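Single-structure report; data block below.
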Amino acid sequence: MSEATDIPPFRYTAALAGEIEPRWQDRWEEAGTFHAPNPTGDLADPSHPRAGADKLFVLDMFPYPSGEGLHVGHPLGYIGTDCYGRFKRMAGRNVLHAMGFDAFGLPAEQYAVQTGQHPRKTTEENIDRYRAQLRMLGLAYDPRRSVVTMHPGYYRWTQWIFLQIFNSWYDPRQRKARPIAELISEYESGERPTDDGRPWTELSEVERRRIVDDYRLTYVSEAPVNWCPGLGTVLANEEVTADGRSDRGNFPVFKRSLRQWMMRITAYADRLLEDLDTLDWPEKVKLMQRNWIGRSTGAHIGFPVRVSPIDSKRIRVFTTRPDTVFGATYMVLAPEHELVDELVANAWPASTKDRWTGGYKTPREAVDAYRKAAASKTDVERQAEAREKTGVFIGAYATNPATGEAIPVFIADYVLAGYGTGAIMAVPGQDERDWEFAEAYDLPIVRTVQPPEDFDGKAYLGEGPAIHSGFLDGLNVKDAKAKITQWLEDNGYGEGAITYRLRDWLFSRQRYWGEPFPIVYDETGLPVALPEEMLPVELPDVADFSPKTFDPDDSDTDPETPLSRNSDWVEVELDLGDGRGRRRFHRETNVMPQWAGSCWYELRYLDPNNDKSFVDAENERYWMGPRHAEDSGGVDLYVGGVEHAVLHLLYARFWHKVLYDLGYVSSFEPYRRLFNQGYIQAYAFTDERGVYVPAEQVVERDGRYFYGEREVSREYGKMGKSLKNVVTPDEMCRVYGADTFRVYEMSMGPLDVSRPWETRAVIGSYRFLQRVWRLVVDEDTGQTRAFEDGRIDDATNRLLHKTIDGVRSDMEGLRFNTAVAKLIELTNRLTAIAGDGVPREAVEALVLMLAPTAPHIAEELWQRLGHDESLAYEPFPVADPAWLAAETVTYPVQVNGKVRARVEVEADADEATVREAALAEIADQLAGKEPRKVIIVPGRMVSIVT
RNA sequence: GCGGGAGUGGCGGAACGGCAGACGCACCAGGUUUAGGUCCUGGCGCCCGAGAGGGUGUAGGGGUUCGAAUCCCCUCUCCCGCACCA
2 MSEATDIPPF RYTAALAGEI EPRWQDRWEE AGTFHAPNPT GDLADPSHPR AGADKLFVLD
62 MFPYPSGEGL HVGHPLGYIG TDCYGRFKRM AGRNVLHAMG FDAFGLPAEQ YAVQTGQHPR
122 KTTEENIDRY RAQLRMLGLA YDPRRSVVTM HPGYYRWTQW IFLQIFNSWY DPRQRKARPI
182 AELISEYESG ERPTDDGRPW TELSEVERRR IVDDYRLTYV SEAPVNWCPG LGTVLANEEV
242 TADGRSDRGN FPVFKRSLRQ WMMRITAYAD RLLEDLDTLD WPEKVKLMQR NWIGRSTGAH
302 IGFPVRVSPI DSKRIRVFTT RPDTVFGATY MVLAPEHELV DELVANAWPA STKDRWTGGY
362 KTPREAVDAY RKAAASKTDV ERQAEAREKT GVFIGAYATN PATGEAIPVF IADYVLAGYG
422 TGAIMAVPGQ DERDWEFAEA YDLPIVRTVQ PPEDFDGKAY LGEGPAIHSG FLDGLNVKDA
482 KAKITQWLED NGYGEGAITY RLRDWLFSRQ RYWGEPFPIV YDETGLPVAL PEEMLPVELP
542 DVADFSPKTF DPDDSDTDPE TPLSRNSDWV EVELDLGDGR GRRRFHRETN VMPQWAGSCW
602 YELRYLDPNN DKSFVDAENE RYWMGPRHAE DSGGVDLYVG GVEHAVLHLL YARFWHKVLY
662 DLGYVSSFEP YRRLFNQGYI QAYAFTDERG VYVPAEQVVE RDGRYFYGER EVSREYGKMG
722 KSLKNVVTPD EMCRVYGADT FRVYEMSMGP LDVSRPWETR AVIGSYRFLQ RVWRLVVDED
782 TGQTRAFEDG RIDDATNRLL HKTIDGVRSD MEGLRFNTAV AKLIELTNRL TAIAGDGVPR
842 EAVEALVLML APTAPHIAEE LWQRLGHDES LAYEPFPVAD PAWLAAETVT YPVQVNGKVR
902 ARVEVEADAD EATVREAALA EIADQLAGKE PRKVIIVPGR MVSIVT
């Protein structure tokens, strides 16, 4: 049977790749080829060829090991960083590249709830599978540094970092976190007075602790959450459907306040914003972070409002346009605003317009009805009628502090309770939403900024002189803002202010599969940090991983976490080493969110076995430290999907900055350079019923698609089991080999662009590697074909050096697709000139240049070329400048912008020579006329205008 | 709606403001082969032409320039993010 016998015995095939690849993987592992030496500690190795060399830390966003395993889309970024790291290693750098696992997370827990399988077990199994899949790809990881967030040896330090955050406060004057002990001593010394002026010594211990706890960077607070009694758990916004039910189980979800751990990330808002400027990140991601932080500057203004004949209060608003306050002709409160009930009038005032009342007899009825209607609206409905402005008058008037006029107060759902103060001053002249509302409710509109003459719109948001604004008239917006802000402060009506969209980070989860908090509570109910020596607080095994569930409609329930049922673990007697002996405590039974482990994993790669510290300071400084004064320091290249643009990257930056403030790291940002790889997408096919059919069995005929005899329709999107279009790296390695797979992934297109997977195109990369193989190995005899003393013809040598030059800069710029194209070109050229063999120097350079992308075949060929050592540390080829310059240059000759001819001249020909040659070449087209203009771009082009 | 990015052959994609379509897939032709496949060589945007060659062409329209896929303006389409953010 034919096939096998027909193929030459020494051809590079999938079978041969399948033999070569594991052999080299074993050899790399046994030899520790990709071990990166640390400056100090157990991973230091002064004899290593790269010990003390210029370092490079490349990092991938580590995966959550799901039960589905990897598909061909997952390793794209990993292969990219691997190529870059291997290239840089050959170019002389000490390269650290490791891969760990983000092991805590919801899917394993949910699987555990369903099956009773311990999440540790399934996660371990998944990690094993991931490791096997990744190993097969020949990724040059330092295997000693593969951290797993669920291992106690790792989360011990996650808990330790939590304690550092717990034991810190943010000092706004120094703009940094400081140890909480320093705050306490400020209070003790009297340098910092208490809020009520009582001396510190007169406060009870509980009072002192409450004061201090309020300063901590992580603290317990009531926070609004999505409480789902039917599931017994709090849900993330993403887990709540548009109509307010749980994604899983379809139970009602209630917005409720619950006691939660929070992290004071808002204290770092300004630094998180400013330091973006120091980072080499995609502008898109920086912008997303800026928007997420949402800094706006303006002023808080209090609008006096009478709550009884003798008592008045202020409605506090935030505005970015205090300069427009003279145009504030009414106010709007969110329906849920706390002052509404106090302010609602008993009867409609005489000045009430009909359309303000909503048709109700009293303000009270109108408010109740409006609130009810607003509350029953789903988010979908709210969005659908987003532009319709509705609201009702509440029968009360506030005083505009600038004009002294009484202005009506409305409630309307276009003002959000959760944003700002939940109230606005409405300035229809300068705000589109206010203008719409004013038109709908017949409210006065006063322009306070003069629009340009040609302006024919409604609200005017642009620049212009202030008008109808008393003492502000004539000032530009900026000056008017400054002046009114000063006036508000002088008259006690408000003050300049900066607000953020960013909220503090809700850090506790009512779940099982996460890091326990290193926190206990004493008899006061206040949190107490466990001493460092008691870490890790290990996650106990429990019988039941699910939280207690309740009547789905009973919102008046409280979560009961899986850990809370484990009373042996919860109730403890401990000696905290504070001189108070053994005391009874109960443990915190929430666990940390999945983000916790990923907030600092890159640091643990640096020193994975250190049991004295989360990372040794010298190791951190070597791998992450700043290179110059303005440099943030951090990972040299961080590659991952843009889906982590905000949360993960913001949380990790926040933790890193706290560690920096406390002096534990030398870098003030964790990721100096960020790169978002694109996604590999795939076609999926559905039959006439809309059911997905296996994509690999669909055939194309004349642009139509068939599954068996049935025509199916094609759609384009993610790769996934449910879409029946998954292609796995395992399959690709089996059919073509890992090197082919790697080359294909790298050559498909730029790393940061999403593109479709095309299994049938993989063959091109396979053929390329076969050709390279054939250049070195005789397919029939297995003999090496390199000429020892073969001369390279000049043209080939020029191409060789041009390729070296181009591949180097492409690799440097992560342009692997064009690097591969250049290698293919060179290979094709060498194939064309090969007789009995090819010159050794050309083929060796080719093999070395191929090594970062297709490492196994490169190692194999390198060995067959007579080298004993791995090529991992072989210098990457360097182009000889003498061969980069061509002897002659061919100039295209343009006449009136169209290329009409080309002339070849000596490379060093001067402009006059080029001009003469070009004119001679197109003489017939000029018909004897003198050209009006001749432009010569040296080395490029001649352009003639007639 | 706002903000950001992108539109190049049948497909994935190349192209410091300077010969548009590198490289690969698919396809076509030739060679090798008993045949198929492999391998080697060549062709391959569109239109006209037997050919040499000519015209035209980078979503559409306008502009800047000796010269535009590339820079500017308008329009359209697609993708991503945010979504009444005061």
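Each position in the first sequence, counted from 1, maps to that position plus 1 in this note's numbering. Where is the CB? At the ideal position from N, CA and C, for every residue including glycine. For clarity, every value in this text was computed on a predicted model and none was experimentally measured.
Handout entry: Residues of its chain near Lys-496, where Cβ-Cβ distance is below 8 Å and the 5 sequence neighbours each way are ignored
Key = Reading the first sequence from its first residue, position 495 is the one you call residue 496. Per the sequence presented here, residue 496 reads as Glu, with Lys not at that position. Taken in chain order, the residues that qualify are Ala-300, His-301, Thr-486, Leu-489 and Glu-490.
Problem - Alpha carbon of Pro-225 to alpha carbon of Pro-253, nearest angstrom - result: Along the first sequence, read from residue 1 onward, the residue named residue 225 stands at position 224. Along the first sequence, read from residue 1 onward, the residue named residue 253 stands at position 252. Roughly 16 Å separates the two Cα atoms.
Practice task
Can you have a look at Ala-178 and say buried or exposed, based on whether 16 or more other CB atoms are within 10 angstroms of its CB?
Solution key: Start at 1 with the first residue of the first sequence, and residue 178 comes out as number 177. That one is buried.
Problem - Ile-499, enclosing alpha helix (DSSP H) - first and last residue - result: In the first sequence, counting from the first residue as 1, residue 499 sits at position 498. Taken as a continuous stretch (DSSP letters only), Ile-499 belongs to no alpha helix (DSSP H), being part of the beta strand (DSSP E) at 495 to 500.
Exercise for the section: Taking Gln-118 as the reference, give the member of Ile-412, Arg-24, Val-543 and Trp-436 with the closest Cα. Expected result: Indexing the first sequence from 1 puts residue 118 at position 117. Minimum Cα distance to Gln-118 is reached at Val-543.
Problem - Extent of the continuous beta strand (DSSP E) run through Met-264 - result: Start at 1 with the first residue of the first sequence, and residue 264 comes out as number 263. Per DSSP, Met-264 belongs to the beta strand (DSSP E) from 255 to 264.
Problem - Contact belief for Ala-370 with Tyr-361 at Cβ below 8 Å, rounded distance in angstroms - result: For the purposes of this step, residue 370 is taken as residue 369 along the first sequence, with counting starting at 1. For the purposes of this step, residue 361 is taken as residue 360 along the first sequence, with counting starting at 1. With a Cβ gap of about 6 Å, Ala-370 and Tyr-361 count as contacting.
Problem - Given 8 Å, three or more beta-carbon pairs between the region 13 to 33 and the region 79 to 99 - result: no
Handout entry: Candidates Asp-324, Arg-322 and Tyr-331, of which the one nearest Ile-316 by Cα
Key = On the first sequence, position 315 is the one that residue 316 refers to. Cα-wise, what sits closest to Ile-316 is Tyr-331.
Exercise for the section: Flag this pair as yes or no: are the beta carbons of Val-904 and Ala-921 separated by less than 9 Å? Expected result: By 1-based counting over the first sequence, the position of residue 904 is 903. By 1-based counting over the first sequence, the position of residue 921 is 920. For Val-904 and Ala-921, yes; Cβs fall inside 9 Å.
Problem - Closest Cα partner of Phe-788 within the set Ser-568, Lys-256, Phe-817 and Arg-841 - result: Position 787 of the first sequence, counted from the start, is the residue given in the question as residue 788. Per the Cα distances, Arg-841.
Problem - Cβ-based burial, Leu-927 [other Cβ within 10 Å; buried from 16] - result: By one-based count along the first sequence, residue 927 stands at place 926. Per the 10 Å Cβ criterion, exposed.
Exercise for the section: Ignore the nearest five residues each way along the sequence and tell me which others in Tyr-461's own chain have a CB closer than 8 Å to its CB. Expected result: Counted from its first residue, the first sequence places residue 461 at position 460. Cβ neighbours of Tyr-461 beyond the five flanking positions: Gly-430, Gln-431, Arg-448, Val-450 and Pro-452.
Practice task
Kindly indicate the opening and closing residues of the beta strand (DSSP E) around Gln-895.
Solution key: Taking the first sequence and counting its residues from 1, one reaches residue 895 at position 894. Gln-895 -> beta strand (DSSP E) spans 889 to 896.
Problem - Glu-712: first and last residue of the uninterrupted beta strand (DSSP E) it sits in - result: Mapped onto the first sequence, residue 712 falls at position 711. Segment 711 to 718, the beta strand (DSSP E) holding Glu-712.
Exercise for the section: Would you grab the beta carbon distance between Val-345 and Pro-323 for me? Rounded to a whole angstrom, and I think it's under 8 Å. Expected result: Walking along the first sequence from the start, residue 345 turns up at place 344. Walking along the first sequence from the start, residue 323 turns up at place 322. In fact, because the Cβ distance is near 28 Å, the residues do not count as touching under 8 Å.
Handout entry: the region 58 to 73 contacting the region 633 to 645, beta-carbon criterion three pairs below 8 Å
Key = yes
Problem - Whether Ala-530 touches Pro-537 by CB criterion (9 Å) - result: Position 529 of the first sequence, counted from the start, is the residue given in the question as residue 530. Position 536 of the first sequence, counted from the start, is the residue given in the question as residue 537. Taking 9 Å as the Cβ cut-off, Ala-530 and Pro-537 do not qualify as a contacting pair.
Handout entry: Leu-776 and Leu-847 closer than 9 Å at C-beta
Key = The sequence position of residue 776 within the first sequence is 775, counting from 1. The sequence position of residue 847 within the first sequence is 846, counting from 1. Against a cut-off of 9 Å, the Cβ pair of Leu-847 and Leu-776 comes out as a contact.
Exercise for the section: Output yes or no for whether 9 Å exceeds the beta carbon distance between Ile-937 and Val-946. Expected result: Position 936 of the first sequence, counted from the first residue, corresponds to residue 937. Position 945 of the first sequence, counted from the first residue, corresponds to residue 946. Taking 9 Å as the Cβ cut-off, Ile-937 and Val-946 do not qualify as a contacting pair.
Problem - Cβ pair count under 8 Å reaching 3, the region 730 to 742 against the region 678 to 695 - result: no
Problem - Nearest-angstrom Cα separation, counted from Leu-862 out to Tyr-13 - result: Locating residue 13 in the first sequence gives position 12, counting from the first residue. Locating residue 862 in the first sequence gives position 861, counting from the first residue. If you take the alpha carbons of Tyr-13 and Leu-862, they lie about 11 Å apart.
Exercise for the section: Check whether the Cβ atoms of Leu-650 and Ile-266 sit closer than 9 Å, and answer yes or no. Expected result: Numbered from its first residue, the first sequence carries residue 650 at position 649. Numbered from its first residue, the first sequence carries residue 266 at position 265. In this structure, Ile-266 does not lie closer than 9 Å to Leu-650 by Cβ.
Exercise for the section: Measure the CB-CB distance between Thr-195 and Leu-204 and report whether it falls below 9 Å. Expected result: On the first sequence, residue 195 is found 194 positions in, with the first residue counted as 1. On the first sequence, residue 204 is found 203 positions in, with the first residue counted as 1. Cβ distance < 9 Å, so Thr-195 and Leu-204 count as in contact.
Exercise for the section: Assign Val-773 to one of three DSSP states: helix, strand, or coil. Expected result: Walking along the first sequence from the start, residue 773 turns up at place 772. Correct three-state label for Val-773: helix.
Problem - Spatially closest choice to Phe-304 from Arg-249, Ala-407 and Glu-589, by CA coordinates - result: The residue you call residue 304 lines up with position 303 of the first sequence. Selected option, being the one with the closest Cα: Ala-407.
Handout entry: Contact under 9 Å by Cβ, Ile-825 with Phe-769
Key = Here residue 825 refers to the residue found at position 824 of the first sequence. Here residue 769 refers to the residue found at position 768 of the first sequence. Against a cut-off of 9 Å, the Cβ pair of Phe-769 and Ile-825 comes out as a contact.
Exercise for the section: Compare the C-alpha of Asn-292 against each of Ala-646, Lys-459, Ser-748 and Val-692 and name the closest. Expected result: Reading the first sequence from its first residue, position 291 is the one you call residue 292. Answer by Cα proximity: Ala-646.
Handout entry: Expected contact under 8 Å - CB spacing of Val-308 and Glu-343 to nearest Å
Key = For the purposes of this step, residue 308 is taken as residue 307 along the first sequence, with counting starting at 1. For the purposes of this step, residue 343 is taken as residue 342 along the first sequence, with counting starting at 1. Yes, they are in contact, since the Cβ atoms of Val-308 and Glu-343 sit about 5 Å apart, within 8 Å.
Problem - Cβ contact (3+ pairs, closer than 8 Å) linking the region 506 to 514 and the region 575 to 595 - result: yes
Practice task
Provide the residue span of the alpha helix (DSSP H) that contains Glu-603, from first to last.
Solution key: Against the first sequence, residue 603 aligns to sequence position 602. Here the alpha helix (DSSP H) through Glu-603 covers 602 to 607.
Exercise for the section: Starting from Glu-813, follow the alpha helix (DSSP H) in both directions and report where the run begins and ends. Expected result: Taking the first residue of the first sequence as position 1, residue 813 is located at position 812. Its alpha helix (DSSP H) spans residues 795 to 813.
Handout entry: Segment contact, 8 Å Cβ cut-off, at least three pairs: the region 125 to 139 with the region 619 to 631
Key = no
Exercise for the section: Ignore the nearest five residues each way along the sequence and tell me which others in Thr-6's own chain have a CB closer than 8 Å to its CB. Expected result: The residue you call residue 6 lines up with position 5 of the first sequence. Note that Thr-6 scores a pLDDT of 47, beneath 50, so its modelled location is shaky; the value from the coordinates is reported in the next line. So the list is empty, once near-sequence residues are dropped.
Problem - Residue from Phe-817, Glu-860 and Ile-834 whose Cα sits closest to the Cα of Asp-27 - result: Position 26 of the first sequence holds residue 27. When each option's Cα is compared against that of Asp-27, the closest is Glu-860.
Practice task
Decide if Gln-290 is buried, meaning its Cβ has at least 16 other Cβ atoms within 10 Å, or exposed.
Solution key: Working through the first sequence from its first residue, we reach residue 290 at position 289. Under this definition Gln-290 is a buried residue.
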